[in-house]
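S.K.: Quick note, the numbering used here runs 13 ahead of the 1-based positions in the sequence shown. The beta carbon of each residue, even a glycine, is placed where N, CA and C say it ideally should be. All figures in this text were calculated on a predicted structure; none of them were measured in a lab. My questions all concern the structure below.
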Amino acid sequence: MEEAFNKLVGAKTNNVDNLVKWMKDAKLIDQSKEAEEKARKLFEDVKDDKDVDLNKFKQVVSKLAEEQKKTVEEFSKMLNIEGPKLLSAIQAGVAGAASAASAAMTAAFKDATK
């Protein structure tokens, strides 16, 4: 879990949205809006919701495990399984966004030079 989290930090994608998605994908929380909102509330006291630190994430995982009568180790294993998938999806999204931005800039340049 820590290795995957540190990769999120390195990619500057350790925000609440991605962490909640990771927890949903790993089935720490279910796919319902209520479960998502409850998970997001656990992050309410972070200084910057776009830069969550590892200790806070561990607190959230621990709280969820306690509420569901599971162990942190179980949840960590579940997160480890989904971590690489999340990172790949984020990287693909970033690459897609960069490609789209490049295409838009090229089109704008062509229009400007007509």
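(1) For D66, does the three-state DSSP call read helix, strand or coil?
(2) Taking the continuous alpha helix (DSSP H) assigned at L21, which residues delimit it?
(3) Assign I103 to one of three DSSP states: helix, strand, or coil.
(4) Please list the terminal residues of the continuous alpha helix (DSSP H) segment that includes D30.
(5) Sorted by chain position, which residues of the same chain lie with C-beta nearer than 8 Å to I103's C-beta, five sequence neighbours on each side aside?
M.R.: Based on what the coordinates show:
(1) Reduced to three states, the DSSP call for D66 is coil.
(2) E15 to G23
(3) helix
(4) V29 to D38
(5) L21, A24, T26 and N31
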